[in-house]
Amino acid sequence: MTSIREMRDGVRNKKLKAKDLVSEALKKAHDAQPKYNSFISICDESAMKAAEHVDKLVASGKDPGPLAGVPIAVKDLLCTRGHRTTAASKILDQYIPPYSATVVEKLEEAGAIVIGKANLDEFAMGASNENSAYGAVKNPVDPTRVPGGSSGGSAAAVAAGIVRAAIGTDTGGSIREPASFCGITGIKPTYGRVSRYGIIAFASSLDQAGPMTRSVDDSAIVLETISGKDPRDATTADIAVPKWSENLKDNVKGLRVGLPKEYFADGIDPEVRKVIDNAVQLLKAQGATLVDVDLPLTPHGIAVYYIVACCEASSNLARYDGVRYGLRTKDAANLLELYEKSRGEGFGAEPKRRIMLGTYALSSGYYDAFYKKACQVRRLVREDFLKAFAKCDLIVGPVTPGPAFKLGEKFSDPLKMYLNDVFTLGAPLAGLPGLSVNAGFTKEKLPVGLQIIGPHFEEQRILDAAHTVETHL
Amino acid sequence: MISEETIKHIAKLARLALTPEEVTLYSKQLAGILDHVGELAKVNTEGVVPLVTPTDMAIAVREDVVVPFKGDSEDWAVENAPDKSGNLYKVPAVL
Amino acid sequence: MAFETVIGLEVHAQLLTDSKIFCACSTQFGAPDNTNTCPVCTGMPGALPVLNRKVVEMSILTGLALQCEIRENNVFSRKNYFYPDLPKGYQISQYDEPICVKGKLTFYVDDKEKTVGITRAHMEEDAGKNIHHGEFSLVNLNRSSVPLLEIVSEPDIRSAKEAGEYLRALRSILLYLGVCDGNMEEGSMRCDANVSVRPVGEKKFGQRVELKNINSFRFVEKAIEYEVGRQIDLIEQGEKIAQETRLYDPDKNRTISMRSKEEAHDYRYFPEPDLLPVKVDRAWVEKVRTRLPELPLDKLKRFVSEYKIPEYDAQILTQTRAMAEFYEEVAKLTSNPKAASNWIMGDLLRILNEQKKEITESPISKEQLADLIKNIDGGKISGKIAKTIFEDLAAGKYAGEKIEAVISKNNLVQVTDTGAIEAVIDKIIAANPGQVEQYRSGKDKLFGFFVGQVMKEMKGQGAPNVINDLLKKKL
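Residue numbers (the working numbering), protein chains in the order written: chain A, 19 to 491; chain B, 477 to 571; chain C, 143 to 617.
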């Protein structure tokens, strides 16, 4: 399938028509829907209109943008003005946002065309995309298995060849894990690199949007487009966006690759371990030096993550109260019932569980022991990483302890599901950029991603290393 | 175990109507999760300043300039409202 | 048993910024329903707050005027609770790291100086308006996210009267700074009172009760008086004071319990992750300090010492900055601060009240008033003529004209020529032989009659002192 670079060059040079690219993507999306359920809504009308507009710009000699004509799927967590946005929740089933997320606006300005809103775990809470009010997503590599989550629909859309690029979001691993499970590339940028304005909030100090694509180059191009300081998001950094795709290189000579012993401990599926070890050796063969590092707080990361994320989420989800938008119960005798029943009926089990956990952890008497403590340990987690980066240039390891598991396998045990995130939680807690690039397959042909984590704002470095892996695999 | 009493209190604070089954389920599940979380107490955090925003950056502020929001229609604010009266949101009374 | 009243006041002041605290919507009052709104202040999914820098500046300015320490590290926190006028389900406020701490406010109560401590002042956003209609409520979010500065006093206030004076003094400062228009009836300045009583000499505080719904200065005093009485009655009957919030009912002049079946609020404060801490460094504070005007109490004291006017006058003249500046200009131009004070406090204030105008809209300009006074002092016109000109100006005549021109145009120059006056006096005496005889035989009251007749004949232009002297001689 043509790369994004080839697609946009083709459209800009009048060799390809946006209309053709988009109608092809739309057809594939509809065809694949019964198989993988990767979309919550498909934007036939608006996508064709946008494609026509791009073709018109090209025909009239105007600049159609650096992503001209590229069909893209956007996680249904990002607001799209005038188009239904649900967060995969009944509580927003018919919600139509009056504005678009900055990421969506940037993509559209660049000429990319949103062909559908991708399925996800409800409110981005989950690691298997089994928590959607619109049904689970199936892994195109093996439809009896989960695609990972929460950006499962985005990953599946790319893995199934419907689109070359999808936007996901990552709070505790929700881009990297599905990317790994589906055999594609996915990157979570540094916290503050990409605007959160218009992205339905789960955990404010962790959420970041990022590209999910078939190649590192594709990811670099999309990431360039969506990054940048946004006056509408006070937590975006005032830092220039480098031309990552133009500077992408296959050269890891002299690069110090850190291997945290905690990421290579017992409990990792031996097939996964084989793939990761192989990828590490590949980097070494290409000229990198391997360095042992420590991230001793790794096991505590789960507790820190879940407290911080659930506390922030319990507050972020308070606005879904049936007053101004969203589901309102038909069964309310008074205001209190309106709140309790609308939220009771509208939220699925996972959001309810996390709201309960977060509310408890912030409640009177528990704040110090839970929330404050978690934030203190979070600082120590970040310090762990910064100490490690004094000895190495990037950190690698597995994304998850095992490959894509079967649908329903972990669903009934939330704690088990949470423990799956142990390797991906560190980067968001520390605000660091992290990606997953496919590094091989298990015996059962299940994809295994290599996780690469870099220091703050060093996306070029981790993209380059990922590029080396994909080139020499 | 977290008492069902506590679960009901938390559900009240969070304005979540729970079925009796949910109360029992969350009572067990939250207890399990919180046990795990309780391990945090073992980490020495004396003198450690809590971290909220993980990337070091200065706050961005706006100048005091009015920029009206342009929705797709005059009544965009109530477009998604389950119940309204004119351009106002309508809710049942408190009691 | 004698009781002491202990009061702390919490004032919410709406700050006079053009745009809201966390979004760029207008703060302008009176817009059509839900039109000063955007995704941020209506709590739409995905919306984020961005801080208005001017709110910080106004808060620093107010803190400096209240002699507070301005904290360098400022954190916003979320205060979580559910109410229809709170679109996000939380209010962004400041909890344990507020911008201003440890200040004080000094003011007069019954001519004595009183100082009340200011515990803290912090920035927060306002909620929308919930309009009750019996079985349902309607919600307008125009007011949602309008900036507020919450100013909390120490429980240093000891009477309803002190509470009233504290509020007046605080309001005066806010107006002087231009940060708030202090309109309690319209809600741009709101006050809650924490009231408790304790036996005189007791060091421990009694159980305090929070009073809400106080919409004017008068109601503050009445609400507190009622509440103090209620608490003392209960204690004397051996009952306990419940910890609660009570609403003031202005119609029946009483406080009523807000006893609801709701749980006590657990606001679950935590630092706002969508905003980073605001660093207010010393340089910023000093820059803002240069914009501090002379404050009302300082101005009052200076007027008393510099212009030798009584405290009472100075209080009225320093009520607003505009009034004080008007007065001071006139006082300087005329070198007659007492006359300036009398004219402004008397005739000018009366005119402004009648015409419902602010002093900045006065139909008599500072220059015109000053000239009137100077011409009286110079003997050119009489006080009576000056009053006539004044009333004419108030009615809109001679707008923008110089007083000199008015005087000469209308031939209003006071006649001091003794010869001319004598002539008129002779004429009046000749025309009124009866009254002359009555006066000479002891009816002293008739002197006024003669003065009046002479004045009338001279169309008010006779110099009163000369008339008096000559009349006395002639009669």
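C-beta atoms are modelled at their ideal positions from N, C-alpha and C, and glycine is treated no differently. Every value quoted in this text rests on a predicted model; they were computed, and no experiment measured them.
Does residue i have its Cβ less than 9 angstroms from a Cβ in chain B?
| i | result |
| --- | --- |
| C:Phe278 | yes |
| A:Glu209 | Sequence check: residue 209 of chain A is Tyr here, not Glu. Cβ-Cβ to chain B under 9 angstroms: yes for A:Tyr209. |
| A:Gln469 | no |
| C:Ile273 | yes |
| A:Gly100 | yes |
| C:Pro297 | no |
| C:Asn552 | no |
| C:Cys322 | no |
| C:Cys167 | yes |
| C:Ser161 | yes |
Can you round the beta-carbon distance between residue i and residue j to whole angstroms, since I take them to be within the 8 angstroms contact cut?
| i | j | result |
| --- | --- | --- |
| A:Leu443 | A:Ile320 | 6 angstroms |
| A:Ser169 | A:Lys93 | 5 angstroms |
| C:Ala605 | C:Val557 | 6 angstroms |
| A:Leu85 | A:Gly129 | 5 angstroms |
| A:Arg194 | A:Asp411 | Between A:Asp411 and A:Arg194 the Cβ distance is about 19 angstroms, and since that is not below 8 angstroms, they are no contact. |
Spell out whether any CB of chain A is found under 9 angstroms from the CB atom of residue i.
| i | result |
| --- | --- |
| C:Asp416 | yes |
| B:Met533 | yes |
| C:Val192 | yes |
| C:Asp423 | no |
| B:Val554 | yes |
| C:Asp268 | no |
| C:Pro289 | no |
| C:Glu408 | Looking at the sequence provided, one finds Asp at residue 408 of chain C rather than Glu. Output row for C:Asp408: interface = yes. |
With 9 angstroms set as the bound, which would you pick, yes or no: does the beta-carbon of residue i sit closer than that to a beta-carbon of chain C?
| i | result |
| --- | --- |
| A:Asp349 | no |
| B:Leu489 | yes |
Around the C-beta of residue i, are 16 or more other C-beta atoms found within 10 angstroms, so that it is buried, or is it exposed?
| i | result |
| --- | --- |
| C:Asn395 | exposed |
| C:Ile398 | exposed |
| A:Lys267 | exposed |
| A:Ser172 | buried |
| C:Arg262 | buried |
| C:Pro229 | buried |
| A:Arg26 | buried |
| C:Pro575 | exposed |
| A:Val72 | buried |
| A:Ser263 | buried |
| C:Pro341 | exposed |
| A:Leu224 | buried |
| B:Ala534 | exposed |
| A:Ser78 | exposed |
| C:Val153 | buried |
| A:Lys424 | exposed |
Check whether chain F comes within 9 angstroms of residue i, counting only Cβ atoms and requiring the distance to be less than that.
| i | result |
| --- | --- |
| B:Asp540 | The structure shown contains no chain F; its protein chains are A, B and C. |
Chain-ordered residues of the region 216-240 of chain C with a beta carbon less than 7 angstroms from chain A | Arg220, Asn222, Phe224, Pro226, Pro229, Lys230, Gly231 and Tyr232
Run through the region 94-175 of chain A for me and flag every whole beta strand (DSSP E) of 3 or more residues, listed as ranges in chain order.
-> 131-136
Can you list the beta strand (DSSP E) stretches of 3 or more residues lying completely in the region 171-254 of chain A, in chain order?
-> 183-188, 203-206 and 226-231
Which parts of the region 530-616 of chain C are runs of the beta strand (DSSP E), unbroken and 3 residues or longer, counting only runs that do not cross its ends?
-> none
Please list the segments of the beta strand (DSSP E) lying wholly inside the region 323-369 of chain A, counting only runs of 3 or more residues, in order along the chain.
-> none
Selection of the region 349-372 of chain A by Cβ proximity to chain B, strictly under 9 angstroms = Ala350, Ala351, Asn352, Leu353, Leu354, Glu355, Leu356, Tyr357, Glu358, Lys359, Ser360, Arg361, Gly362, Glu363, Phe365, Ala367, Lys370 and Arg371
Taking a Cβ distance cut-off of 7 angstroms, strictly less, list which residues of the region 389-405 of chain A are near chain B, in chain order.
-> Lys390, Lys391, Ala392, Cys393, Gln394, Val395, Arg396, Arg397, Leu398 and Arg400
Can you give, in chain order, each stretch of the alpha helix (DSSP H) that sits fully within the region 415-469 of chain A and has at least 4 residues?
-> 432-437 and 444-448
Residues of the region 145-157 of chain C whose Cβ lies closer than 8 angstroms to any Cβ of chain A, in chain order | none
Given a limit of 8 angstroms on CB to CB distance, which residues of the region 237-259 of chain A reach chain C?
-> Pro249, Arg250, Asp251, Ala252 and Thr253
Whole alpha helix (DSSP H) runs in the region 262-309 of chain A with 4 or more residues, listed along the chain?
-> 288-303
Can you list the alpha helix (DSSP H) stretches of 4 or more residues lying completely in the region 459-485 of chain C, in chain order?
-> 463-476 and 479-485
What residues from the region 171-187 of chain A come within 9 angstroms of chain C, judged by C-beta to C-beta, listed N to C?
-> none
Which residues, in order along the region 556-567 of chain B, keep a beta-carbon less than 8 angstroms from a beta-carbon of chain A?
-> Asn556, Ala557, Pro558, Asp559, Tyr565 and Val567
Any residues in the region 185-213 of chain C with a beta carbon nearer than 9 angstroms to a beta carbon of chain A? Which ones, in chain order?
-> Gly185, Met186, Pro187, Gly188, Ala189, Leu190, Pro191, Val192 and Leu193
Contact residues within the region 515-529 of chain B, judged by C-beta distance below 8 angstroms to chain A | Glu515, Leu516, Ala517, Val519, Thr521, Val524, Val525, Pro526, Leu527, Val528 and Thr529
Give the residues from the region 484-511 of chain B that approach chain C closer than 8 angstroms (Cβ to any Cβ), ordered along the chain.
-> His485, Lys488, Leu489 and Arg491
Please specify which runs of the beta strand (DSSP E), each continuous and at least 3 residues long, are wholly inside the region 536-566 of chain B, giving them in chain order.
-> none
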